[in-house]
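Enquirer: The structure is given below, and queries will be raised subsequently.
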Amino acid sequence: MKKVLGIVGRLGCLVAIMIFGAFVASEMFLNEGKDFFEVDLVVYVIGAMMVLVLIGFLLSFATPALGGWIIVLGGLFNGAFLYVFNNFDNILAVITFGLPFIVTGLMIVLSKKPKSRYY
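Numbering of the sequence shown is given in my numbering, commencing with residue 368 and proceeding in unit increments.
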């Protein structure tokens, strides 16, 4: 069961990274008439958190607990940043950008093998 939980968590995290990464990339590079440095700060912060989540995803194959907690941290930071940036008003942005990473990160953390007492 833990193996299935880890596989589903990693696949869900990969899908979330691809969807939100495509959103961030489109906001950064496809703005018509805007220079690279004229894009809102929010896009850069979310992009940085996507890189952190990607590092956690790649690290989760070697150490599931550490990688999963990094993914959860990225999701919490995304949600908290968007909540504060939207003047504590838009809870939908928090759920959309934070919850998928929190859930998949916790699934990866719970999929780690328990340490044996005998070796």
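Just so you know, even glycine gets a beta-carbon here, dropped at the ideal spot from N, CA and C.
Once you ignore the five residues that flank residue 388 on each side, which residues in its own chain have a CB closer than 6 angstroms to its CB?
Expert: Cβ within range, chain order: 417.
Enquirer: So the candidates are 439, 450, 448; which of them puts its Cα closest to the Cα of residue 383?
Expert: Checked all of 439, 450, 448; the closest Cα to residue 383 is 439.
Enquirer: Reducing DSSP to helix, strand and coil, say where residue 460 ends up.
Expert: Three-state result, residue 460: helix.
Enquirer: Should the segment 428-447 be regarded as contacting the segment 467-478, the criterion being three or more beta carbon pairs within less than 8 angstroms?
Expert: Flag = yes, the segment 428-447 and the segment 467-478 touch.
Enquirer: Under the rule that 16 or more other beta-carbon atoms within 10 Å means buried, what is residue 368, buried or exposed?
Expert: With fewer than 16 other Cβ atoms within 10 Å, it is exposed.
Enquirer: Could you check whether residue 395 and residue 412 sit closer than 8 angstroms to each other, using their CB atoms as the reference points?
Expert: Not closer than 8 angstroms, so no.
Enquirer: Could you tell me how far apart the beta carbons of residue 448 and residue 434 are, in whole angstroms, since I believe they sit closer than 8 angstroms?
Expert: That pair is no contact at about 21 angstroms.
Enquirer: If you check the beta carbons only, do residue 454 and residue 460 fall under 8 angstroms apart?
Expert: No. Outside cutoff.
Enquirer: In this structure, how does DSSP classify residue 393 when only helix, strand and coil are distinguished?
Expert: Helix, per DSSP.
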